[in-house]
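Asks:
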Amino acid sequence: MSLGIFPHQFDTKGNLENSSAPSSGNDLVNKSYADASIAVTVSSGKFVLDGESQATASLQKSVRFVFDVSDSSNSGHVLRFSATSDGTHGGGSAYSTGVTSSGTPGQSGAYVAIEVSQVTPDLLYYYCTAHSGMGGSVKVHLSVKTYDSLVARWA
Numbered sequence: 092m093s094l095g096i097f098p099h100q101f102d103t104k105g106n107l108e109n110s111s112a113p114s115s116g117n118d119l120v121n122k123s124y125a126d127a128s129i130a131v132t133v134s135s136g137k138f139v140l141d142g143e144s145q146a147t148a149s150l151q152k153s154v155r156f157v158f159d160v161s162d163s164s165n166s167g168h169v170l171r172f173s174a175t176s177d178g179t180h181g182g183g184s185a186y187s188t189g190v191t192s193s194g195t196p197g198q199s200g201a202y203v204a205i206e207v208s209q210v211t212p213d214l215l216y217y218y219c220t221a222h223s224g225m226g227g228s229v230k231v232h233l234s235v236k237t238y239d240s241l242v243a244r245w246a
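All residue numbers for the sequence shown refer to this note's numbering, where the first residue is 92 and numbers rise by one.
1) Please specify which runs of the alpha helix (DSSP H), each continuous and at least 4 residues long, are wholly inside the stretch 166-245, giving them in chain order.
2) Just checking: is the beta-carbon of S223 within a distance shorter than 8 Å of some beta-carbon in chain B?
3) For V157 and G181, I'd like the C-alpha separation in whole angstroms.
4) Near V169, what residues of its chain come up, given a Cβ to Cβ distance below 7 Å and the 5 sequence neighbours on each side ignored?
5) Taking its Cβ as the centre, do 16 or more other Cβ atoms sit within 10 Å of S173, making it buried, or is it exposed?
6) What would DSSP say about S164, mapped onto helix, strand or coil?
7) So, are the CB atoms of A148 and V210 less than 8 Å apart?
8) Please state if the CB of E206 and the CB of R171 are separated by a distance shorter than 8 Å.
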């Protein structure tokens, strides 16, 4: 039985049912993502997301979030994600699955993107690689549309 809620079809075990899909089990390599942008600035030594200092970012699965770090206030502040609060400053490591970056923070076109997939942890943290205490948390969840589709199909 296919759930039919994503661009590709999945069986009940989460495996892709698409002839062009990779053959390894539960592989989401060919998954397509919608994009959403989050403006990042730095004020008083804290990351500011869309105007809110140390905001908790609420990210939906199956969406690629682009953290725009091109504002000049980001110069010297490299934003990364971790499963540990305050990242490497808190004893953790950078979370890199689905994460890409381009450019230099504080310069035109610079960004950090994360493709939030079905395997992305429900709780992540964003942090500055150079300075502790600048970041905040990231909560990952199913979109309402996806949840409603799942409930309707399994009801």
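Note that beta-carbon positions come from the ideal geometry of N, C-alpha and C, so glycine has one too. None of the values given here were measured: they were computed from a predicted structure.
Replies: Inspection of the coordinates gives the following:
1) 235-245
2) Although the question refers to chain B, the structure presented lacks it and comprises just one protein chain.
3) 24 Å
4) P196, C219, T220, A221
5) buried
6) helix
7) no
8) no
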